[in-house]
Amino acid sequence: MYGNNEFDGSAAFSGGGFMPSQATQTADPSFSPAKNREAQGLLPLTVKQIREAFQASDDKANILIDGVSVNNVKLVGLLFEKTERVTDVSFALDDGTGRIDCHRWVQEAVDTKEMELLSNGTYVKVHGHLKGFQGKKQLIVYSVRCVTDYNEIPNHFAECMYVHCYNTRTQKMQDAPQVTGQMPNPAVNTPSKGCQPTSSNYHNVDAIRGIDKLVLNYMQQPSCIGKENGVHRVELAKQLNVPEHKILEAIASLESEGLVYSTVDEFHYKSTANG
Amino acid sequence: MDTSNPAAFVNAELLRMYVGRRVRAVIQVLRNDGGSIFGKSTDEQELVVKGHPPNPPTTFVEVIGIADSNRSIQAEIWTNFGDNFDVSSYNTICQLANGDFKHLFI
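Chains as they are written, first to last, in our numbering: chain C, 24 to 298; chain F, 699 to 804.
Here it is in structure tokens:
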């Protein structure tokens with residue numbers, strides 16, 4: 024969807040309300056995820072993520088997932104074992120990755136009505152607060168609503184993956200403070216690429232950028248700008264000492280950014296800058 | 699579904715990896731026999747789903763059950779997913795949930 028590098032999806036979206044605000048997040052060496060109380064957002068999670076984090080954590084009251092303190096969570100799954108009592112309704116939520124016990128306190132008629140509408144075996148989306156009780160994990164639920172558009176289900180899991188990606192990259196960035204000035208580039212552009220938060224990825228991107236830059240710099244020289252037909256790509260390959268297929272890749276990427284254009288035929292290119 | 703018995707997201711391609719195990723898939727209904735549904739997976743291949751389909755099924759149905767071969771599922775839970783469903787998104791989720799993000803799911 025958002026394939027263009029110019030569109031900074033992370034800033035425009037701010038993660039759809041799931042991420043702590045951008046202002047507090049990036050390149051802040053004093054940022055401490057566990058204690059940052061301003062960044063108490065809502066985390067979309069799978070039951071498996073919760074279960075693993077819970078088991079791994081010594082302090083059951085303060086669980087961390089991907090370095091982010093878990094307070095409010097969002098889950099989507101099937102509702103089972105609904106049990107109505109006087110002051111609360113409990114049920115199990117099964118999202119395909121595991122089951123978690125949920126409790127919804129019902130104090131007002133509005134709450135009771137909300138719960139009455141739900142039956143076993145229906146898909147629901149749940150917002151709640153994760154709590155450890157006598158060593159067992161439980162979700163204290165604030166809101167339970169039926170899923171009406173079933174596209175919400177793959178959408179929720181896509182959000183889980185995205186947030187996981189974003190948080191693990193942020194974690195890596197904090198662990199490697201020398202990689203400064205690079206915005207975490209979440210996998211919003213091409214979800215099918217997945218998330219590879221390894222530092223080697225940055226080097227690959229730099230290498231490609233390097234060739235693009237070489238080509239662009241050459242084409243932005245006054246002598247090239249002056250040429251009406253632009254530069255022939257064979258000339259580019261010879262002058263920059265770069266194999267022609269790499270030149271082609273660089274040109275394709277620069278073209279998609281709107282930085283160069285082809286002139287008389289597909290061999291001649293010119294920079295869009297006026298010099 | 700059983701407690702702590704996860705169901706993997708599958709399309710026809712991934713189904714063969716989970717034969718004998720619990721899976722979930724969205725099928726576009728092509729033919730309904732009453733005892734089984736002959737449908738198209740999210741990656742455009744044909745699958746058979748046995749069990750007790752809902753009556754009537756909508757265009758898209760999610761099934762959760764045991765994969766009993768690389769082309770069929772014995773379904774326990776059926777959910778009508780309506781007539782408007784984004785098959786390509788679901789297919790991408792299947793691929794990611796079995797690929798780079800498997801650790802979040804199974």
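For every residue, glycine included, the Cβ atom is placed at its ideal position computed from N, Cα and C.
- Its chain contains VAL727, ASN730, ILE735, TRP776 and ASN778 as the residues whose beta carbon lies nearer than 8 Å to that of PRO755(F), once the 5 sequence neighbours on both sides are disregarded; these appear in chain order.
- Relative to the Cα of VAL149(C), the nearest Cα in the group PHE156(C), HIS126(C), GLN157(C) and CYS247(C) belongs to HIS126(C).
- Rounded to the nearest whole angstrom, the C-alpha separation of VAL129(C) and VAL96(C) is 19 Å.
- Within its own chain, the residues whose Cβ lies closer than 6 Å to the Cβ of LYS105(C), once the five positions on either side in sequence are excluded, are PHE114 and ASN143, listed in chain order.
- Relative to LYS83(C), the option among PHE156(C), VAL91(C) and ALA132(C) whose CA is nearest is PHE156(C).
- Interface residue (Cβ-Cβ distance to chain C less than 9 Å): PRO704(F) is classified as such.
- For a Cβ distance threshold of 9 Å, residue set PRO704, HIS801, LEU802, PHE803 and ILE804 of chain F lies close to LYS71(C), ordered along the chain.
- Taking a C-beta distance under 9 Å as the contact criterion, LEU153(C) and PHE77(C) qualify as a contact pair.
- For ILE735(F), the nearest beta carbon of chain C is not closer than 9 Å to its own beta carbon.
- Taking a Cβ-Cβ cut-off of 9 Å, the neighbours of ARG722(F) in chain C comprise GLY119, given in sequence order.
- When rounded, the separation of the alpha-carbon atoms in ASP117(C) and LEU102(C) is 6 Å.
- As DSSP reads the structure, THR106(C) sits in a beta bridge with SER113(C).
- Between the alpha carbons of ILE791(F) and GLU182(C) lies a distance of about 10 Å.
- The beta carbon of VAL717(F) lies closer than 8 Å to those of ALA765, ASP766, SER767 and ASN768 in the same chain, with the five residues before and after it left out.
- Here the alpha carbons of ASN709(F) and GLN743(F) stand approximately 8 Å from one another.
- For PHE77(C), there are no neighbours in chain F by C-beta distance under 9 Å, as the nearest C-beta there is about 13 Å away.
- Residue contact with chain C for THR757(F): absent (no Cβ-Cβ distance below 9 Å to any residue of chain C).
- At a cut-off of 9 Å between beta carbons, GLU711(F) makes no contact with chain C.
- Of the residues assessed, TYR165(C) falls on the exposed side of the cut-off, its CB having fewer than 16 other CB atoms within 10 angstroms.
- Counting along the chain, TYR165(C) sits inside the beta strand (DSSP E) bounded by residues 159-169.
- Burial check for PRO177(C): the Cβ neighbour count within 10 Å reaches 16 or more, so the residue is buried.
- Under the criterion of beta carbons closer than 8 Å, ASN782(F) and PHE707(F) do not qualify as touching, at roughly 20 Å.
- Proximity of ILE764(F) to chain C, defined by a Cβ-Cβ separation below 9 Å, is not satisfied.
- Under the Cβ criterion of 9 Å, LEU745(F) is not counted among the residues facing chain C.
- Counting every other CB atom within 10 Å of its CB across the protein chains shown gives LEU140(C) a total below 16, marking it as exposed.
- Note on SER294(C): 16 or more other CB atoms within 10 angstroms of its CB, so buried under the neighbour-count rule.
- Neighbours of TYR788(F) in chain C, taken as residues whose beta carbon is under 7 Å from its own, are PRO177 in chain order.
- The Cβ-Cβ distance between HIS255(C) and PHE290(C) falls below 9 Å.
- Taking a contact as a CB-CB distance under 8 Å, the pair ALA773(F) and LYS748(F) counts as one, their CB atoms being some 7 Å apart.
- Judged by their CB atoms, MET242(C) and TYR292(C) are nearer to each other than the 9 Å cut-off.
- Your pair GLN63(C) and ILE88(C) does not check out as a contact, with CB atoms roughly 13 Å apart and the cut at 8 Å.
- Taking 9 Å as the cut-off, the Cβ atoms of GLY253(C) and ILE762(F) do not count as close.
- Taken in chain order, the members of the stretch 133-157 of chain C whose beta-carbon sits within less than 9 Å of a beta-carbon on chain F are GLY144, THR145 and TYR146.
- When the five nearest sequence neighbours on each side are left out, the beta carbons in the same chain lying within less than 8 Å of the beta carbon of GLU251(C) are those of THR286, in order along the chain.
- DSSP places PHE783(F) in the coil class of the three-state scheme, outside both helix and strand.
- For SER279(C), the uninterrupted alpha helix (DSSP H) segment begins and ends at 267-280.
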